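Peer 1:
Numbering (my numbering), first residue to last: -16 to 253.
1. Round the Cβ separation of residue 66 and residue 15 to the nearest angstrom and send it over; I've been treating them as touching at under 8 Å.
2. Residue range of the beta strand (DSSP E) that residue 102 falls in?
3. If I follow the unbroken alpha helix (DSSP H) through residue 141, where does it start and stop?
4. Going straight from the alpha carbon of residue 252 to that of residue 143, what length do you get?
5. Skipping 5 residues on each side, what residues in its chain have a beta carbon closer than 6 Å to that of residue 78?
6. Return yes when the Cβ of residue 99 is within less than 7 Å of the Cβ of residue 60, no when it is not.
7. To the nearest angstrom, report how far apart residue 120 and residue 126 are at their CA atoms.
8. Buried or exposed: which applies to residue 137, given that a residue is buried once 16 or more other Cβ atoms fall within 10 Å of its Cβ?
9. Using 8 Å as the cut-off, can you tell me whether the region 224 to 240 makes contact with the region 193 to 205, which would need three or more C-beta pairs spanning the two stretches below that distance?
10. Figure out for me which residue from 124, 133 and 93 has the closest Cα to the Cα of residue 111.
11. Looking at the structure shown, is residue 237 part of a helix, part of a strand, or coil, going by DSSP?
12. Of all the alpha helix (DSSP H) runs that stay within the bounds of the region 30 to 118, which reach a length of 4 or more residues?
13. In this structure, how does DSSP classify residue 177 when only helix, strand and coil are distinguished?
14. From which residue to which residue does the alpha helix (DSSP H) around residue 258 run?
15. Looking only at its chain, what residues have a beta carbon closer than 8 Å to the beta carbon of residue 109, apart from the 5 residues adjacent to it on each side?
16. Within this structure, are the beta carbons of residue 200 and residue 222 separated by less than 7 Å?
17. Look up residue 28 in the DSSP assignment and say whether it is helix, strand or coil.
18. Closer than 6 Å to a non-hydrogen atom of the ligand MG - does that hold for the CB of residue 134?
19. Between the region 147 to 154 and the region 170 to 188, can you find at least three pairs of beta-carbon atoms closer than 8 Å?
20. Going by C-alpha to C-alpha distance, which of 160, 117 and 168 sits closest to residue 234?
21. So what does DSSP say about residue 213, is it helix, strand or coil?
22. Report the three-state DSSP secondary structure of residue 13 (helix, strand or coil).
23. Straight-line CA distance for residue 73 to residue 179?
24. Between which two residues does the alpha helix (DSSP H) containing residue 168 stretch?
25. Around the C-beta of residue 11, are 16 or more other C-beta atoms found within 10 angstroms, so that it is buried, or is it exposed?
26. Can you give the beta carbon distance from residue 274 to residue 27, rounded, assuming they're within the 8 Å contact cut?
27. Only counting the same chain, and skipping five residues up and downstream in sequence, which positions put a Cβ closer than 6 Å to that of residue 3?
28. DSSP beta-bridge partners for residue 286?
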């Protein structure tokens, strides 16, 4: 659950509900907590997801990194960040039953709506995940709020876990982050015939030898009179579309001659 916004009361709560926050699925989902709700402190990100087709609101680097893993996984069918524990009465009851002070606004006295960082839909059901730096887990108040979360999801039969930086495969995350960076190939080429010819030429050269990716990309650019960078954007697209397999657990190297490659081991929601 992110740090609280500056003011909270019943009127704001009702406004959030009217805005559809915490409701919907996939592209229609609206996060309960959004980046603009907070003072501009720390690292926050808005990233468009492949799975949902919408912009996701992520309030820490750890959330961003975990999001990359979720969004890349074929097991993921929906990602809902900043998901509310919307049954406030139940959450308060859980807190009372285990002797934990539920969070209320100091001025209005109105209860906050706690959130779980990610509610994930998979082919096998739902998963709830709290993302925390390991140092935060030493704080008593953090542990108390996490216990409310754990019990809330346990009552609903949903698997809940805490994920820290120690569970995140950094090399794979850096590779996926690189895939998301830069311009999309389909937005750089506005001619479908040229787009298809570029794909065919790239795949022919990629399958026909072990030339460095950068060399293949440059050749494709030169053959079609394209700007520098378009070939690498195409390489990223071919990976995303599953036409080229790379081991994401190893750093992607664009300049060295290629060796035999394989799909990276699937990382998902430990």
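From the three backbone atoms N, C-alpha and C, an ideal C-beta is built for every residue, glycine too.
Note that this is a predicted model, so its numbers are computed, not measured.
Peer 2: Concretely, from the data shown:
1. 7 Å
2. 98 to 105
3. Premise fails: residue 141 is in no alpha helix (DSSP H) and is neither H nor E.
4. Summary for residue 252: the model assigns pLDDT 41, below 50, so the residue's position carries little reliability; its value from the coordinates is reported in the next sentence. Going from the Cα of residue 252 to the Cα of residue 143 covers about 10 Å.
5. 85 and 131
6. no
7. 6 Å
8. exposed
9. yes
10. 133
11. coil
12. 44 to 55 and 71 to 80
13. helix
14. Residue 258 falls outside the range modelled here, since the chain spans only -16 to 253, and no answer is possible.
15. 102, 103, 141 and 142
16. no
17. strand
18. Absence of the ligand MG is noted for the structure shown, with no ligands found whatsoever.
19. no
20. 160
21. helix
22. coil
23. 55 Å
24. 168 to 171
25. exposed
26. Because the chain spans -16 through 253 in this model, residue 274 falls outside it and cannot be assessed.
27. 13
28. One cannot answer for residue 286 here, as it falls past the ends of the chain, which runs -16 to 253.
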